[in-house]
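Q:
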Amino acid sequence: MFNSKLSKVLLIISIVVITFVTSYIYTFKRTNDKEASEIAKTKVNAETLNNDYKIVINNNTKITKINRYTMGMVFEKKTEEKPDSNLIGMDKDEAEKYFKNIGYLMIEFTSKDVILVREKNSWCPGAFVVKDNDGYITIYDVDNNSNLIFKENTNMSTNMLPEGDKNEVIKGKTYETMDEVKSLISEYAS
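The opening residue of the sequence shown carries number 8 in this note's numbering; numbering runs sequentially from there.
1. Mind reading off the beta-carbon distance from Gly-96 to Ile-64? Whole number of angstroms is fine, and I expect it under 8 Å.
2. Out of curiosity, what's the CA-to-CA distance linking Trp-130 and Glu-87?
3. Report the CB separation of Lys-99 from Ile-62 in whole angstroms; it is logged as a contact under 8 Å.
4. Spatial neighbours of Lys-180 within its chain, please: C-beta separation below 6 Å, excluding the five flanking residues on both sides.
5. Under a three-way DSSP split, which group does Leu-168 fall into?
6. Using only the alpha-carbon positions, how far apart do Leu-112 and Thr-34 sit?
7. Inspect the beta-carbon positions of Ile-192 and Thr-145 and report whether they are closer than 8 Å.
8. With DSSP collapsed to three states, give me the class of Lys-74.
9. Of the residues Lys-178, Ile-32, Asn-154 and Asp-148, which one's Cα is nearest the Cα of Glu-188?
10. Could you tell me if Ile-70 is buried or exposed, where buried requires 16 or more neighbouring beta carbons within 10 angstroms of its beta carbon?
11. Scan the region 99-123 and note each continuous alpha helix (DSSP H) run of 4 residues or more that stays entirely inside, going in chain order.
12. Rounded to whole angstroms, what's the CA-CA distance from Thr-3 to Ser-92? Just pull it up for me.
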């Protein structure tokens, strides 16, 4: 009788243990499969979001072109413009290729701003240059071909300038307006 009771208890314990282990394995496997499925869905959704949200040029993008003239003291002329219709919808790679073909290096690209730089080893057309000529401060116009055209001699010796200013004038300083030139000359005279 003892053996029969012990057998029944062992049988019941074995059934309970087998049921528990089977349930545990089944639940563990389903949970891992579900988590793996969720992770896969999350990755797919993230990739879709990245592809759907490309940064492109739109109607509100501001394009800033900086022409850096390196003849004489470096002078930068900035222009801002709205994108042409052929630029609308371009992503960074497309825009970079496009602007590179017309001589610009793209230094910033967002949907709000595109900033481009182009270096030219010349004077800025339409600008004015203050430069040394035979030891005197002289004013030049810059024509459309970036040539210096004599405008006016100031009869002010470059020797009277502080060393830093003198070196800048010897190289040539570029200004957009004649008012800026007159202001500089007044500063040198005082």
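Here a beta-carbon is modelled for each residue, glycine too, at the ideal position from N, C-alpha and C.
A: Walking through what the data contain:
1. In the sequence shown, counting from the first residue as 1, residue 96 sits at position 89. In the sequence shown, counting from the first residue as 1, residue 64 sits at position 57. So it is a contact: roughly 7 Å between Cβ atoms.
2. Counting from one through the sequence shown, the residue named residue 130 turns up at place 123. Counting from one through the sequence shown, the residue named residue 87 turns up at place 80. Roughly 20 Å separates the two Cα atoms.
3. Position 92 of the sequence shown, counting from 1, holds the residue named residue 99. Position 55 of the sequence shown, counting from 1, holds the residue named residue 62. 7 Å between Cβ atoms; contact.
4. Numbered from its first residue, the sequence shown carries residue 180 at position 173. Taken in chain order, the residues that qualify are Met-80 and Val-137.
5. Translated into the one-based positions of the sequence shown, residue 168 becomes position 161. Note: Leu-168 maps to coil in three-state DSSP.
6. The residue labelled residue 112 in the question sits at position 105 within the sequence shown. The residue labelled residue 34 in the question sits at position 27 within the sequence shown. Using only the alpha carbons, I get a separation of about 59 Å.
7. Your numbering for residue 192 matches position 185 in the sequence shown. Your numbering for residue 145 matches position 138 in the sequence shown. No, these two residues do not count as a Cβ contact at 8 Å.
8. For the purposes of this step, residue 74 is taken as residue 67 along the sequence shown, with counting starting at 1. Here residue 74 turns out to be Asn, not Lys, going by the sequence shown. In this structure, Asn-74 counts as strand in the three-state DSSP scheme.
9. Position 181 of the sequence shown, counted from the start, is the residue given in the question as residue 188. Checking the sequence shown, residue 188 turns out to be Val, not Glu. Checked all of Lys-178, Ile-32, Asn-154 and Asp-148; the closest Cα to Val-188 is Asp-148.
10. Within the sequence shown, residue 70 is the residue found at index 63, counting from 1. Buried, because 16 or more other Cβ atoms sit within 10 Å of the Cβ of Ile-70.
11. 99-108
12. Residue numbering for the chain in the displayed model covers 8 to 197; residue 3 lies beyond these limits and cannot be assessed.
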